[in-house]
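Asks: Sequential numbering from 0 applies to the sequence shown in numbering that gives the first Met the number 0.
Virtual Cβ for every residue (Gly too), placed ideally from N, Cα, C.
Note that the structure is predicted; figures quoted are calculated from it, not measured.
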Amino acid sequence: MDTDDRANAAPMDHGSAPGRATPLVRAGEVSTEGLAARLGRWTHGDGTLATRLARGISALIAGGELRAGDRLPAERSLASAVSVSRGTVVSAYAVLAEQELVERRQGSGTRVAGTGAPSAPARPGRGEALFSAVPNTIDLLRTVPQIPELGVQLIRDHQPRLDLALLPETDPAGLPVLRELIAEMYRAEGTPTTPEQILVTHGAQQAISLVVNALVEPGDIVLAEEITWPGVTDSVGLRGGTVQG
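1. Name the DSSP beta bridge partners of GLU102, please?
2. Tell me the rounded alpha-carbon separation between LEU100 and VAL111.
3. Would you kindly work out how many angstroms separate the C-alpha atoms of ALA182 and THR192, rounded to a whole number?
4. Quick check on DSSP: helix, strand or coil for VAL235?
5. For ALA116, I'd like the list of residues in its chain whose CB is within less than 6 angstroms of its CB, leaving aside the five on either flank, ordered along the chain.
6. When DSSP builds the beta bridges, which residues end up paired with THR241?
7. What did DSSP end up calling ARG70 once you bin it into helix, strand or coil?
8. Mark THR29 as exposed unless 16 or more other C-beta atoms lie within 10 angstroms of its C-beta, in which case mark it buried.
9. Tell me whether THR109 is buried or exposed, calling it buried when 16 or more other Cβ atoms sit within 10 Å of its Cβ.
10. Comparing alpha-carbon positions, which option in SER234, HIS201, GLY230 lies nearest ALA213?
11. Are the CB atoms of LEU222 and LEU209 within a distance shorter than 9 angstroms?
12. Check each candidate in ILE60, GLY68, ARG51 and name the one with the smallest Cα separation from VAL89.
13. The alpha helix (DSSP H) that contains GLY249, what's its start and end?
14. In terms of residue numbering, what span does the alpha helix (DSSP H) encompassing VAL215 cover?
15. Where do the ends of the alpha helix (DSSP H) carrying ILE56 lie?
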């Protein structure tokens, strides 16, 4: 029985006009009203409401009315249809997930576990298509470029100095040996520099913030490129200044 057959075979909704059926599944999407109607008197039985709701959905999966790949209704929507709290539906879906009857994916909702047959009319959005190739993950390594041979060789030749990481205390201005190396680099480029003139920061943004805090007063205008780093405008704004492109 295909998806359309299941939609046509769904029982009549008691609130519908005679002769009209409530579709249960259409194009892989489980109807909230159709599911509520098919659950029937699901509140009767043992266990919590969440357990009984999970049991009712599990029975529909076991009976083949819900098949692999079908997406269940959103938690809030189903909660409203069956007159329970959203937390009850969340707990019921969690029970089904623990039983490996459904799969829950961020941004893709809750689906019946397994690989369903593709439905012709359904066309996933761009974001959902990213998840369709791999069941539960996106391989971010695909976006990492290959390290050039020179980079690999530099890493292999590097001898880490663990003694620097074991120092009981460090200079707030940065490791003296590192400041000396930086000063030497500036001297080699023709700028006389001493290690005392070097301040090592955690990154460019900290360096920008320190310079702005030292030089900018409320009401000052700071000249920058027309399109500049947002961290510059943020730091200047916090000091009460204005960035002019």
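Replies: Here's the rundown:
1. ARG110
2. 6 angstroms
3. 5 angstroms
4. helix
5. With a pLDDT of 45 at ALA116, under the threshold of 50, the modelled position of that residue is not reliable, and no figure is offered here.
6. ILE220
7. strand
8. The sequence given here has Val at residue 29, not Thr. Buried, because 16 or more other Cβ atoms sit within 10 Å of the Cβ of VAL29.
9. buried
10. SER234
11. no
12. ARG51
13. Outside the displayed range of the chain (0 to 244) lies residue 249, so it cannot be described from this structure.
14. Here VAL215 belongs to no alpha helix (DSSP H), and DSSP marks it neither H nor E.
15. 48–61
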